[in-house]
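Novice: Numbering (the working numbering), first residue to last: 290 to 450.
Each residue gets a CB set at the ideal place from its N, CA and C atoms; glycine is no exception.
Remember, it's a predicted structure, so these values are computed and weren't measured experimentally.
I am attaching a structure below and will ask some questions about it afterwards.
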Amino acid sequence: GAVTDEDVADSFLRESTHPDGSLRRYLDRAEVASLVGNTLFVHGAVDRRTARFVPRPDAKFRNTPSEPEPAKICDDVREWTEEMNRFLRVGLEDHARRPGWDPDRATRGGEALMALQNRSAMWGRSVISNCYGDGGCITTEYARRDREDPDRERRIQVEGD
Numbered sequence: 290g291a292v293t294d295e296d297v298a299d300s301f302l303r304e305s306t307h308p309d310g311s312l313r314r315y316l317d318r319a320e321v322a323s324l325v326g327n328t329l330f331v332h333g334a335v336d337r338r339t340a341r342f343v344p345r346p347d348a349k350f351r352n353t354p355s356e357p358e359p360a361k362i363c364d365d366v367r368e369w370t371e372e373m374n375r376f377l378r379v380g381l382e383d384h385a386r387r388p389g390w391d392p393d394r395a396t397r398g399g400e401a402l403m404a405l406q407n408r409s410a411m412w413g414r415s416v417i418s419n420c421y422g423d424g425g426c427i428t429t430e431y432a433r434r435d436r437e438d439p440d441r442e443r444r445i446q447v448e449g450d
């Protein structure tokens, strides 16, 4: 028969919350950051604001009135990578324990992971959604002009020192 919207929603919930679900198994093997030799890999970008910063495991997925305090600041890139991946593991364990909203719809398991991918919730400290363009958004007119600037490489080299 035909696949209904309810079938799709049920499949997504099972795949993301059941221990044998394909999405859950994928996330259980994922990393926020990976260091291979001297090369760091993240989904988005590491900049001055995200480098060294490890979010708190109780970070909320909302716009907060003040910048969130870090759980830890790491000066060593290997330690930072380990701590970011520990943050992911703790968030996934939290989600496994409480995959749904609480009765007040105020919090849910894994909320800190939702916050991590959101620039507003992290006050720009997201290695998942940040990029090296204008303010994290590469589609602005400013970013286009910057990409097309013939002196861009020289500026990057000078500013990068």
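1. Residues bridged to Ile362 by DSSP?
2. Roughly how many whole angstroms lie between the Cα atoms of Arg386 and Val416?
3. Give me the Cα-Cα distance between Ala298 and Thr353, rounded to the nearest whole angstrom.
4. Under 6 Å Cβ to Cβ from Gly380, same chain only, skipping five residues before and after it: list those, please.
5. Going straight from the alpha carbon of Arg337 to that of Val331, what length do you get?
6. Between Ala360 and Val335, is the Cβ-Cβ spacing less than 8 Å?
7. Report the three-state DSSP secondary structure of Trp390 (helix, strand or coil).
8. Taking DSSP's pairing of strands, which residues face Thr328 in a bridge?
Specialist: Put simply:
1. DSSP lists Phe342 as the beta-bridge partner residues of Ile362.
2. 25 Å
3. 30 Å
4. Gly399, Ala401 and Leu402
5. Using only the alpha carbons, I get a separation of about 15 Å.
6. no
7. It is a strand residue.
8. Beta-bridge pairing links Thr328 to Val325.
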